[in-house]
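Below is one structure, written out as structure tokens; the observations come after it.
Protein chains: 2
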Amino acid sequence: MTQSQRRRIPDAAVARLPVYLQILNNLHATNVARFSSDELAALAGVNAAKVRKDLSYLGSYGTRGVGYVVTYLIHQIRRELGLLREWNVVVVGAGNLGCALAKFGGFAPRGFPVVGIVDNDPKKIGQSTGALKVSDVRNLQKLVRDLEVTIGAITTSTSAAQSAADALIEAGIASILNFAPIVLAIPSSVSVRNVDLGVELQILSYYEQMRIEQTDSKNQQKSNAVPV
Amino acid sequence: MTQSQRRRIPDAAVARLPVYLQILNNLHATNVARFSSDELAALAGVNAAKVRKDLSYLGSYGTRGVGYVVTYLIHQIRRELGLLREWNVVVVGAGNLGCALAKFGGFAPRGFPVVGIVDNDPKKIGQSTGALKVSDVRNLQKLVRDLEVTIGAITTSTSAAQSAADALIEAGIASILNFAPIVLAIPSSVSVRNVDLGVELQILSYYEQMRIEQTDSKNQQKSNAVPV
DNA sequence: TTAACTTTGTGAAATTCTGCACGAAGCCCT
DNA sequence: AGGGCTTCGTGCAGAATTTCACAAAGTTAA
Chain G
1 MTQSQRRRIP DAAVARLPVY LQILNNLHAT NVARFSSDEL AALAGVNAAK VRKDLSYLGS
61 YGTRGVGYVV TYLIHQIRRE LGLLREWNVV VVGAGNLGCA LAKFGGFAPR GFPVVGIVDN
121 DPKKIGQSTG ALKVSDVRNL QKLVRDLEVT IGAITTSTSA AQSAADALIE AGIASILNFA
181 PIVLAIPSSV SVRNVDLGVE LQILSYYEQM RIEQTDSKNQ QKSNAVPV
Chain H
1001 MTQSQRRRIP DAAVARLPVY LQILNNLHAT NVARFSSDEL AALAGVNAAK VRKDLSYLGS
1061 YGTRGVGYVV TYLIHQIRRE LGLLREWNVV VVGAGNLGCA LAKFGGFAPR GFPVVGIVDN
1121 DPKKIGQSTG ALKVSDVRNL QKLVRDLEVT IGAITTSTSA AQSAADALIE AGIASILNFA
1181 PIVLAIPSSV SVRNVDLGVE LQILSYYEQM RIEQTDSKNQ QKSNAVPV
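Residue numbers (the working numbering), protein chains in the order written: chain G, 1 to 228; chain H, 1001 to 1228.
Here you go:
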């Protein structure tokens, strides 16, 4: 078995590659031809050794004493992330967010065209959102097959999210972007990324409170150094 | 120094607490009074020992042989995350997303009321979005002070995001929720959470491609077991 | 060509995170 | 009261991740 065991990139590194790619695209747009791990590290806000190790998972594409070529690295990251082709997206849930995603043209140019949107509400089915018409969720399987959809975005209400996920999986989808504030029950063969602003805000809240408590205790120390 | 070194919760655990809280709120809403680490683990899709360890950072609030009391644990998580008070949010950037956040009433009930929205475009300043009026970004500092804002959400264009961050930090904000696809340059004393759908899609793309390659190589093996 | 300098690629140490395994502690039933 | 059962809390080992540190490999200049 020569290479059935494909080069595995650690999860943590996979999550950083899109960030590097973003930065490299910016460098390219500003006519920067080469970069060093130090420079990329500064722009990405991480350690330089981490950058080098992350990039080394792609192969040895740097030149010692010189650095990396922007365009070449962009291509390598895109290849590794599977961005040399398009991945069609279907949106499940034609509410505010779902329609916004369908209308928003920002994903198609980045390789993720939204090719369909479905809902289970008869009042919404048939309505137009941008260039798309809302389909019946019962047509999901056919839609996924006909349009070669690989990614499903769940923008339903929380209560409908699990059945939306079930329908997507039933239709053969194995990559889900979930916007509902719920932990989906799914087989381990399916990938899920959760986007939950509530969670993000609560994490910020923790560290904010942390800072406040530390400031308070310092002030306390100043104004009242002697224990009561 | 008795406890100036506040009980530190590992970052990984902090990121899970909001998820547990969400689930416990659901349990509470369905009149479940108690839960075991096994049950919560199943609902959260994690290991039971991890749940127990995470909860143990809050203190010893379980009862052996019984489990945890839902309402009590909800309170403890909320306390630890700093959710016993409200954290006011200001939105920087009155575009589609910014206005949607300002109008969306879903954050106030969860403790994060959006109390202001600013922009630098004279055409947008003064317009109403929901209950709020768009202010001039130059009033940010005053707005932050007067309305006791602690969290800033950046919903500007990518090119304006860094100066938005600078303005927020200048105004005294130390917690930022960034929606622009860019790595902000900020001092280490400031917390940032990035919400970038492009990044999420690209991560999904990687694992999707991975699956496809594995399937392909299996098929290849079947149909062509002998190497050429 | 050689010496000085730069920057990659990567072992290895350090740190963080996860998961097992089990003692401790409480409940229930007889 | 005591035995059996359940479930927490946590020490510890292993996995994953991050960081250090330096040899290797290239450039530049004299």
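Ideal Cβ placement from N, Cα and C applies to all residues, glycine included. Note that this is a predicted model, so its numbers are computed, not measured.
| Item | Value |
| --- | --- |
| Cβ distance (whole Å) where asparagine 1194 (chain H) is taken to contact valine 1149 (chain H) below 8 Å | Asparagine 1194 (chain H) to valine 1149 (chain H), Cβ: 20 Å. No contact. |
| Residues near asparagine 224 (chain G) in its chain [Cβ-Cβ closer than 8 Å; skip 5 each side] | Note that asparagine 224 (chain G) scores a pLDDT of 49, beneath 50, so its modelled location is shaky; the value from the coordinates is reported in the next line. For asparagine 224 (chain G), where only same-chain residues beyond five positions count, there are no Cβ hits under 8 Å. |
| Through-space distance from isoleucine 77 (chain G) to asparagine 1096 (chain H), alpha-carbon basis | 31 Å |
| is_contact[arginine 110 (chain G), chain H] using C-beta, thresh 7 Å | yes |
| Heavy atom of the ligand FAD within 6 Å of threonine 150 (chain G) beta-carbon | Of the ligands one can find in the structure shown there are none, so the ligand FAD has no counterpart to examine. |
| Limits of the unbroken beta strand (DSSP E) element including isoleucine 176 (chain G) | 175 to 178 |
| Residue nearest to glutamine 127 (chain G) in terms of C-alpha spacing, selected from G:Ile154, G:Ala153, G:Cys99 and G:Ile151 | G:Cys99 |
| Pair within 7 Å by beta-carbon distance, leucine 204 (chain G) and phenylalanine 1112 (chain H) | no |
| Proximal residues, the segment 1124 to 1155 of chain H versus chain G, C-beta separation under 7 Å | Thr1150 and Ile1151 |
| Selection from H:Gly1172, H:Ala1131, H:Ala1180 and H:Lys1050 that minimises the alpha carbon distance to serine 1157 (chain H) | H:Ala1180 |
| Cβ-based contacts, 8 Å cut-off: residues of the segment 1081 to 1092 of chain H near chain G | Leu1081, Gly1082, Leu1083, Trp1087 and Val1089 |
| Residues within the segment 1179 to 1203 of chain H neighbouring chain G, beta-carbon criterion of under 9 Å | Pro1181, Ile1182, Val1183, Leu1184, Ala1185, Ile1186, Ser1189, Ser1191, Val1192, Arg1193, Asn1194, Val1195, Asp1196, Leu1197, Gly1198, Val1199, Glu1200, Leu1201, Gln1202 and Ile1203 |
| Start and end residues, beta strand (DSSP E) containing isoleucine 9 (chain G) | Neither: isoleucine 9 (chain G) is in no beta strand (DSSP E) and is coded neither H nor E. |
| Contact belief for tyrosine 1207 (chain H) with serine 175 (chain G) at Cβ below 8 Å, rounded distance in angstroms | 7 Å |
| Reduced DSSP secondary structure (H/G/I, E/B, other) of lysine 1103 (chain H) | helix |
| Straight-line Cα distance separating leucine 1058 (chain H) from glycine 105 (chain G) | 44 Å |
| As assigned by DSSP and simplified to three states, the class of arginine 78 (chain G) | helix |
| Residues near tyrosine 137 (chain G) by beta carbon distance below 8 Å, same chain, minus five either side | One point to set straight first is that residue 137 (chain G) is valine, not tyrosine, in the sequence displayed. Cβ neighbours of valine 137 (chain G) beyond the five flanking positions: Val92, Val118, Asp119, Asn120, Ala164 and Ala167. |
| Asparagine 1178 (chain H), buried or exposed, once every other Cβ within 10 Å from all chains shown has been counted against 16 | buried |
| Nearest-angstrom Cα separation, counted from glycine 130 (chain G) out to arginine 1145 (chain H) | 41 Å |
| For aspartate 1038 (chain H) and alanine 1049 (chain H), the rounded distance between their alpha carbons | 8 Å |
| Reference valine 229 (chain G); option with closest CA among G:Leu17, G:Lys133, G:Gly172 and G:Asn31 | Since the first residue shown for chain G is 1 and the last is 228, residue 229 (chain G) is missing from the structure and cannot be characterised. |
| Backbone CA spacing between valine 114 (chain G) and glutamine 1141 (chain H) [nearest angstrom] | 40 Å |
| Contact set between the segment 7 to 30 of chain G and chain H, restricted to residues whose Cβ is under 7 Å from the partner | Val14, Ala15, Pro18, Val19, Gln22 and Ile23 |
| Cross-chain neighbours of glutamate 1208 (chain H) in chain G, by beta carbon under 8 Å | Gly82, Trp87, Thr150, Ile151, Ala174, Ser175 and Ser191 |
| DSSP-derived helix/strand/coil call for leucine 1184 (chain H) | coil |
| Under 7 Å (Cβ pairs) to chain G, residues found in the segment 1045 to 1069 of chain H | Gly1045 |
| Asparagine 25 (chain G) to isoleucine 74 (chain G) span [Cα, whole Å] | 7 Å |
| Valine 1199 (chain H) classed as buried or exposed, judged by whether at least 16 other C-beta atoms fall within 10 angstroms | buried |
| Beta-carbon proximity check, leucine 1017 (chain H) vs leucine 1081 (chain H), cutoff 7 Å | yes |
| Lysine 133 (chain G) - partner residues in DSSP beta bridges | G:Ser128 |
| Beta strand (DSSP E) segments (min. 3 residues) lying fully within the segment 35 to 98 of chain G | 88 to 92 |
| Cα-Cα separation, isoleucine 182 (chain G) to alanine 161 (chain G) | 8 Å |
| Three-state secondary structure assigned by DSSP to glycine 1198 (chain H) | helix |
| Backbone secondary structure at aspartate 1119 (chain H) - three-state DSSP | strand |
| Distance between threonine 155 (chain G) and leucine 101 (chain G) (C-alpha atoms, nearest Å) | 9 Å |
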